[in-house]
Amino acid sequence: YRLTGNTKYLARIPDAFAWLESIRIPETDYHYFETRRLPQDSEDILCPTFVEIGTNKGLYLHLTDPPKETRHYYVDYDMTRNILAHYSSVRVIQLSKMRREYDELLSTPVEEATRDSPLKNTGLVKPPKYFSQYRTLRAPGPEQISALFAELNAKGYWAGRVPDPAREYIGLGPNQAPTEVISTMAYIRNMTTLIWLLDREAK
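Every number in the numbering used here is 384 more than the matching position in the sequence shown, counting from 1.
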């Protein structure tokens, strides 16, 4: 809608909100999932990543027990055991935030809503100076910045953990998993924080 101004892209959003509410996982079942997979905001809801077509039942990913040679993935309706760690069976949905955004769009003149659309503008639309999925982090404080530098190891990089697939299934054959790896994700997250700080200080 922000690109085209065509209201057909808003028409079925209330139906989507209602559907998300219908598949939400009750808070009484949150204890079946890792804490890092759960909503951190009371306004957010938790939904299955995969839903069976026709029934709307959540499908949960599992891995069979050892031996490794015969291990395999499977899905079923059971959220209570053997949930796969390296690919989440649940997703946090910012439903309240999306509803507010939708309501704001309904009350915003179309000219204003599409003001930054490259499809509606004849001139150049300038992209953001920086882009990162971590851009929405809160402004870093002195303690956070000090911690980032303290976490650099003797070789000058931020060490990361071994990815879940390697630890859980694919592994490293008969070899032991390393205790430390270079994490591109950690680098991007931490450098985004530092760039944000420098950019803020420059202003």
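Note that beta-carbon positions come from the ideal geometry of N, C-alpha and C, so glycine has one too.
Let me make sure I understand the geometry here. Which of Phe401, Asp460, Asp425 and Gln424 has the alpha-carbon closest to that of Leu445?
Along the sequence shown, read from residue 1 onward, the residue named residue 445 stands at position 61. Per the C-alpha coordinates, the member of Phe401, Asp460, Asp425 and Gln424 positioned closest to Leu445 is Asp460.
Below 8 Å on the Cβ atoms is my guess for Ser472 versus Asn440; work out the distance and round it to an integer in Å.
By one-based count along the sequence shown, residue 472 stands at place 88. By one-based count along the sequence shown, residue 440 stands at place 56. That pair is no contact at about 19 Å.
On the premise that Leu489 lies in contact with Leu394, defined as a C-beta separation below 8 Å, what is that separation, rounded to the nearest angstrom?
Counting from 1 along the sequence shown, the entry for residue 394 is found at position 10. Counting from 1 along the sequence shown, the entry for residue 489 is found at position 105. The pair is a contact, with the Cβ atoms about 7 Å apart (cut-off 8 Å).
Quick check: what's the CA-CA separation for Glu589 versus Arg584?
An answer regarding residue 589 cannot be provided, because it is not within the stretch 385 to 587 covered by the chain.
Taking the Cβ atom as the reference point for each residue, do Gln528 and Thr492 lie within a distance shorter than 9 Å?
Locating residue 528 in the sequence shown gives position 144, where the first residue counts as 1. Locating residue 492 in the sequence shown gives position 108, where the first residue counts as 1. Taking 9 Å as the Cβ cut-off, Gln528 and Thr492 do not qualify as a contacting pair.
Cβ pair Trp542, Ala570 closer than 9 Å:
The residue given as residue 542 occupies position 158 in the sequence shown. The residue given as residue 570 occupies position 186 in the sequence shown. Yes; because the gap between Cβ atoms is below 9 Å, this pair is in contact.
Three-way DSSP call (helix, strand, coil) for Val509 in this model
In the sequence shown, the residue the question calls residue 509 occupies position 125. Val509: coil per DSSP, three-state reduction.
Quick check: what's the CA-CA separation for Tyr385 versus Arg455?
Your numbering for residue 385 matches position 1 in the sequence shown. Your numbering for residue 455 matches position 71 in the sequence shown. Answer to the nearest angstrom: the Cα atoms are 46 Å apart.
In the DSSP assignment, find the unbroken alpha helix (DSSP H) run with Leu422 in it and report its ends.
In the sequence shown, residue 422 corresponds to position 38, counting from 1. Looking at the DSSP string, Leu422 is not in any alpha helix (DSSP H), and its letter there is neither H nor E.
In the DSSP assignment, what are the bridge partners of Ile429?
The residue given as residue 429 occupies position 45 in the sequence shown. Paired residue(s): Ile477.
Reference Gly389; option with closest CA among Asp500, Phe417 and Asp462:
Taking the sequence shown and counting its residues from 1, one reaches residue 389 at position 5. Closest by alpha carbon: Asp500.
Quick check: what's the CA-CA separation for Thr568 versus Ile579?
Translated into positions along the sequence shown, residue 568 becomes position 184. Translated into positions along the sequence shown, residue 579 becomes position 195. Cα to Cα, the separation comes out at about 16 Å.
Contact check, Leu479 vs Glu427, beta carbons under 9 Å
Numbered from 1 along the sequence shown, position 95 holds the residue referred to as residue 479. Numbered from 1 along the sequence shown, position 43 holds the residue referred to as residue 427. Yes, Cβ-Cβ distance for Leu479 and Glu427 is below 9 Å.
Based on the DSSP secondary-structure assignment, which residues constitute the bridge partners of Ile467?
One-based indexing of the sequence shown puts residue 467 at position 83. Answer by DSSP bridge pairing, in chain order: His446.
Close beta carbons around Leu532, own chain, < 6 Å, minus the five adjacent residues each side
The residue you call residue 532 lines up with position 148 of the sequence shown. Only Asn574 meet the Cβ criterion.
Taking only three categories from DSSP, how would you classify Leu503?
Start at 1 with the first residue of the sequence shown, and residue 503 comes out as number 119. Coil.
Among Leu581, Glu535, Thr391 and Leu404, the one whose alpha carbon lies nearest that of Gly525:
Working through the sequence shown from its first residue, we reach residue 525 at position 141. With distances taken between Cα atoms, Gly525 lies closest to Leu581.
Identify every residue that forms a DSSP beta bridge with Trp542.
By one-based count along the sequence shown, residue 542 stands at place 158. DSSP output for Trp542 lists Leu536 as bridge partner(s).
Tell me the DSSP secondary structure of Ile566 in three-state form.
For this step, residue 566 is matched to residue 182 along the sequence shown. Strand.
Using the beta-carbon count (16 or more within 10 Å), is Pro432 buried or exposed?
Along the sequence shown, read from residue 1 onward, the residue named residue 432 stands at position 48. When all chains shown are included, Pro432 counts as buried.
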